[in-house]
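Here is the structure we will look at.
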Amino acid sequence: MKLFFRVLTILLLSGSLTAAAQSTKYEAENGTLTGALSVQTSVAGFSGTGYVGIFQNDGDAVSLSFPLAQGGWYRLWIGYAAPYGDKKNILGINGSTAEVSFPASAAFTEVSFGKIWLKDGLNTLTLTKSWGWFLLDYFRIEPDSDPEVTVQLPYNLSTPSPHSETRRLWSYLMDSFTHKIHSGAMSLNAKEEAEWLFLQTGRYPALIGLDFMNHTRNYSWYDKSIVVNEARNWYNSNGLAAICWHWRDPSRATEEFYTTGTSFDIAKITETTSAEYQAMLSDIDIIAVYLKQLNNDKIPVLFRPLHEASGGWFWWGAKGPEPCKALWRLMHDRLVIHHGLKNLIWVWTTDAAANNLEWYPGDEYVDILGADIYAADGDFSSQVLTYNAIKEKFGGSKLITLSENGPVPDPDNLVADRAHWSWFMPWYGSFIRDGIMNPLSHWQKVMAHDYVVTLDEMPDLKNYPLSDEPDYSAYPQGFFMAGWKPRAAVVPDYSDVPAVTDPVTVAVTVDFADTLTKVSPYLFGDNANLWTGPMSDNATLMKNITNRDQGVMRGPGGSTSDAFFWNRGVNQRPPDVPAVLLNDPSNTTWPWYGQRAENWTMHVDSFYSILSKAGITGMITVNYGYARYGTSDNPVAQAAHLAADWVRYDNGRTKFWEIGNEVFGSWEAGYRIDRSLNKDGQPEYITPDLYGRHCRVFIDSMKAAAAETGKEIKIGVVMVEAASTNNSWNAGVAAQVGDIADFYVVHSYYTPYNTNSDVATVLSSYNKTEGYKNYVWATVEAAGMPKLPVAMTEYNIFATGSNQAVSHANGMQAVLATGEMIRSGFGAACRWDLANGWDNGNDHGMFAYNEPFIPNYTPHPAFYHLYYMRRHTGDVLLNSTVTGAQGVVITPTAFSSGHIGASMVNTTKVRKVVRLNLKDYGVGEKFYTYTLTGTEGVDFSRKVFVNGTSNNLEAGGPDNYETLKANATGTGEEIRIILPPLSAVCVLVEPGTKTLAINNEVTAVHAVRADDDLVIRPNPSTGTITVENLPSHVNRLEITDIRGNIQLNGKVMNDGPDLTLDTGLAPGLYFISFYGDSYSVTEKIIIK
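Here it is as structure tokens:
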């Protein structure tokens, strides 16, 4: 169903460029002119002695040959004028051709063709008429010293938890990429073109193309089982099955898919109640039926819907990129999440146009980039220009293929030009058989070529070794980074605001070229729990959870895990489980059950429903306590079997598992047992050695169960995060199980237990984070065990009913802790918890539950902080430095789309003005900010305001957070951002070409007053200092370390000129700041 005259073209960026010193121009007037061309001079502004025009007749061409002593990568520009409008003509580079575009320009200008490969010796550039009617001035080349962009393999598929068979096929495609090209042929109905090729060449193609064109209709003449059967049979012969979808009018008003034949409006994709939206969704569900048949048989599919959208000739591209991207994302999530398909490899059709990224649905929705290229009959060039343009434009983020073509590129050209397409696939009928577009002799050469893979040369795909997991051994996050994917920034709607002109008090420099680490996608999680209802049935709650893009959710939640029987209904206590479970001598607990349906609790399947609807993976904590308090002859085996059965039931839906919850704690079921009931000789109290030995049994059973389902899981064991009464715990556990465990688990409630800490303590507590990981690693290394990845699967702060846990300040703490976990290399993190219960304000929940005058599941401030932080966190962490006033902490990141995103927190009660310096980075026209503040003057505000907006309740934040506009400011000469007292600001900077000067100068907010004769003695000191000549108006002081972490913050009772202060600080360098009436001053102190 192709239009025979259609040719896909390359549209490249035009603009005025200045030649570098090493560039070389080849003037068109000095070339060999063919046809009716002539050298002309009538249009001013040309280079050299003239230009060539006007490419009016077929065959008009200019050819320029030149020698190069050293071949390699060069950048190519062409000087031209196009006074008659946009024109397309044919560029040739050493015999390789491509139709390229010259945007309209009455004056002479340049168009860039990016990187081209030129050889040692003589090279030839040609420009031949296609549309013609333009003026050629020169070719310009320049050696390219930038490293070649390479496709970054391996990477994971966009389909969550794909079948092993899908992963194996994907592993093969990645392993063969750049080494071979796979032969393919599109079919009209079955595999008739493949059979024709076999008759003519003696070989079948490795790939066949199929089409769902007729599957949303009930044509009596069409057998809809053919596509499924052919795909199944071809894969079972170790072939590749590619399925596209010429999607007929979803409204059924016509049978068309071309824009000219239907008025169907894809723009309605954003109106979920519209007839058009429902029609599109219905058709997707119809196609899902056929894909499910293949999914059930574990047949992988190279799925290429919505192809050639940017051309506009199909209805799905008729309204521009935004509706098309929305439809792609809807289709992707509908098929892989709602329908649970695990067999899809998603192929997006792109081109080399200047706006191709505008059409791109995003790395997280695409696995392969394809180009559809129909060159002239008999043109067997490699199409390397398009290949290189796509590779460079997308930053090597995806494997690239020739998803449709007319003439098949000559394999010799592919090898010579290094055009590493993964496969080719000419369209059916005359494109394959007419002897003109692809002559038989050409087919025979192609199918016999060593570089071309045919069906008989394909490996055993079902048993192909997995190689889709990147080697993350160099990262402290380890295998958690297997979920890493490049992220494209989402530019928000915005309102323009004027630039900040206030004096700068803090200078932050972010180095775009200095990447510290990749960002694990599992650091934004939280914990589900069992006592706040089924949750997954609440549409608003599920929308909010999904919007958080949190990556992971832990269940069943806290200490309940060690009393949880996932496969039992209410009161169905196993016969070997006591009715009352012991923990410390003064407390008991009781069993919980996972198969119960009361409206106050959560069924296991409700937890899975949350994961499925939100598109996130689980972190399941299995019941270890049962191995201790079970009364059977072998309670450890019984508990391990219970865990293994859960793994079987889970069937690959969950990647991460952990054995027990805080099992070393006196609050945990299994910490202490009734020895009179125990039959395998266990001690009354748990020991690290015992837990470690038991974990070996659990891990063996659980991994064997996972293997039965064809899945791989990762299992963590419980550690303590810091030195305590359990100092021998980590070494004791690791000595028993460190060789087979996958990761270590720690928890932290950062502030002192049963204490209402002040806001400075809460906001400085995050700096313990790196120490937690380091402590675990040091203690296990001392036991001779490996430094496995560390996951923080519970964290929050302690408080005692003071509303601190539900406060804006605690949301700031969540941002600070998450930023530090990124910086420190944690693999995963789950905040405690999703919804908990009011408990007189001591509520750790991300969402309200039974809170007076607040509707259930209303988001607490921490939700907004983590939502905006996630939205502004890219895929890699950048290095940064902070100069000036203390208390500003930044987590700067870069997106694969080129944007810089950062979260900045002002941990002080003093307004800060930040200059954001961006080193080795070109900025665009705007930067965008969201500012999160609490109620003014309230340390622990229950409300959060986002750009000044909140709700009308006593607690929470803005209901319209999804559509709330960012504040947008022009970049100007520098980027200045205001951080109000006790605030977090999320910023997104557009990439561009403008370089801003680095300026670390800062100015105090207030001028130094005449009475500033302040002296600190002794300095250095051992910790006690005296501040002399302290102005009487000073009422507050703050001490920070060199990283900006607050160590001391409090009021000053100033009743005299001198102040003596016992700092209690560890040896080091610090800054002490004093604040008063229109006054601030900072001094350096050294504690020895």
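Here the sequence shown stands for residues 966 to 2053, where the numbers follow this note's numbering.
Glycine is no exception: its CB is placed at the ideal position from the N, C-alpha and C atoms.
Cβ-Cβ separation, residue j to residue i (assumed contact under 8 angstroms), whole Å
i        : j        : result
Ala-1123 : Glu-1287 : Looking at the sequence provided, one finds Ser at residue 1123 rather than Ala. Not a contact, Cβ separation roughly 20 angstroms.
Arg-1941 : Thr-1758 : With a Cβ gap of about 39 angstroms, Arg-1941 and Thr-1758 do not count as contacting.
His-1864 : Pro-1956 : 6 angstroms
Met-1500 : Ser-1551 : Not quite, the Cβ-Cβ distance comes to about 33 angstroms (not below 8 angstroms), so this is no contact.
Ala-1579 : Ile-1510 : 5 angstroms
Asp-1432 : Asp-1140 : As written in the sequence, residue 1432 is Ser, which differs from the Asp given in the question. Ser-1432 to Asp-1140, Cβ: 6 angstroms. Contact.
Leu-1292 : Ala-1253 : The Cβ separation is near 15 angstroms, so there is no contact.
Ala-1493 : Ile-1624 : No, Ala-1493 and Ile-1624 are not in contact; Cβ-Cβ is about 18 angstroms, not under 8 angstroms.
Asn-1912 : Thr-1896 : 6 angstroms
Thr-1225 : His-1272 : Wrong, their Cβ atoms sit about 17 angstroms apart, outside the cutoff.
With 16 other Cβ atoms within 10 Å as the buried cut-off, status of residue i
i        : result
His-1144 : exposed
Ala-986  : Residue placement at Ala-986 cannot be trusted, given a pLDDT of 38 that sits under 50; what the coordinates show is reported in the next sentence. Exposed: under 16 other Cβ atoms inside 10 Å.
Pro-1751 : exposed
Asn-1059 : buried
Asn-1719 : exposed
Glu-1816 : buried
Ala-1962 : exposed
Trp-1186 : exposed
Ala-1743 : exposed
Lys-1356 : buried
Ala-1218 : exposed
Asn-1320 : exposed
Pro-1451 : buried
Gln-1515 : buried
Val-1411 : buried
Tyr-1760 : buried
Arg-1982 : exposed
Lys-1644 : exposed
Gly-1204 : buried
CB contact flag (residue i, residue j, <8 angstroms)
i        : j        : result
Asn-1503 : Ser-1631 : no
Ala-1150 : Leu-1162 : yes
Ile-1585 : Thr-1619 : yes
Asp-2023 : Leu-2002 : no
Tyr-1740 : Ala-1696 : no
Thr-2047 : Phe-2036 : yes
Thr-1856 : Val-1888 : no
Lys-1080 : Val-1065 : no
Met-1402 : Ser-1368 : no
Val-1841 : Thr-1474 : no
Residues of its chain near residue i, where Cβ-Cβ distance is below 6 angstroms and the 5 sequence neighbours each way are ignored
i        : result
Pro-1048 : Ala-1071
Ala-1699 : Val-1745, Ala-1748 and Met-1750
Same chain, Cβ closer than 7 angstroms to residue i, neighbours up to 5 away in sequence not counted
i        : result
Pro-1457 : Tyr-1893, Lys-1930 and Ala-1931
Gly-1849 : Thr-1470, Val-1471, Ala-1472 and Val-1967
Thr-1726 : Thr-1716
Tyr-1886 : Phe-1477 and Ile-1865
Thr-1734 : Ala-1782, Glu-1785, Met-1786 and Ser-1789
Arg-1907 : Asn-1768, Val-1771, Ser-1772, Glu-1919 and Ala-1920
Pro-1946 : Asn-1871, Thr-1873, Lys-1874, Val-1875 and Arg-1876
Pro-2032 : Ile-2052 and Lys-2053
Same chain only: Cβ atoms within 8 angstroms of residue i, ignoring 5 sequence neighbours per side
i        : result
Met-1446 : Pro-1435, Tyr-1437, Tyr-1440, Lys-1483, Ser-1485 and Gly-1792
Leu-1607 : Phe-1530, Trp-1531, Asn-1532, Val-1587, Asn-1588 and Tyr-1591
Val-1455 : Arg-1836
In chain order, what are the residue ranges of uninterrupted beta strand (DSSP E) at least 3 long that sit wholly in the segment 1512-1551?
Fully enclosed beta strand (DSSP E) runs of 3 or longer: 1517-1520 and 1529-1534.
Identify every run of the alpha helix (DSSP H) within the segment 1044-1093, keeping only runs that are complete inside it and at least 4 residues long; order them along the chain.
You should have found no qualifying run.
Completely contained beta strand (DSSP E) runs for the segment 1715-1761, where each covers 3 or more residues
Whole beta strand (DSSP E) segments, 3+ residues: 1755-1761.
Can you list the beta strand (DSSP E) stretches of 3 or more residues lying completely in the segment 1363-1399, in chain order?
DSSP runs (the beta strand (DSSP E)) wholly in the segment 1363-1399: 1364-1370 and 1389-1391.
Which residue spans inside the segment 1880-1918 form an unbroken beta strand (DSSP E) run of at least 3?
Counting whole runs of 3 or more residues, the segment 1880-1918 contains the beta strand (DSSP E) stretches 1887-1898.
Continuous alpha helix (DSSP H) assignments of at least 4 residues falling wholly in the segment 1254-1335
You should have 1286-1298 and 1321-1324.
Counting only runs of 3+ residues fully inside the segment 1608-1694, write out the beta strand (DSSP E) ranges in chain order.
Annotation note: the segment 1608-1694 contains the following uninterrupted beta strand (DSSP E) runs of length 3 or greater, listed N- to C-terminal: 1621-1624 and 1679-1683.
Could you name each continuous beta strand (DSSP E) segment of 3 residues or more that falls completely within the segment 1944-1994, going from the start of the chain to the end?
Counting only runs of 3 or more, we get 1948-1956, 1980-1982 and 1989-1993.
Going residue by residue through the segment 995-1020, where are the continuous beta strand (DSSP E) segments of at least 3 residues, counting only ones entirely within it?
Positions of the beta strand (DSSP E) runs, each at least 3 residues long and wholly inside the segment 995-1020, are given as 997-999, 1003-1005 and 1016-1018 in order along the chain.
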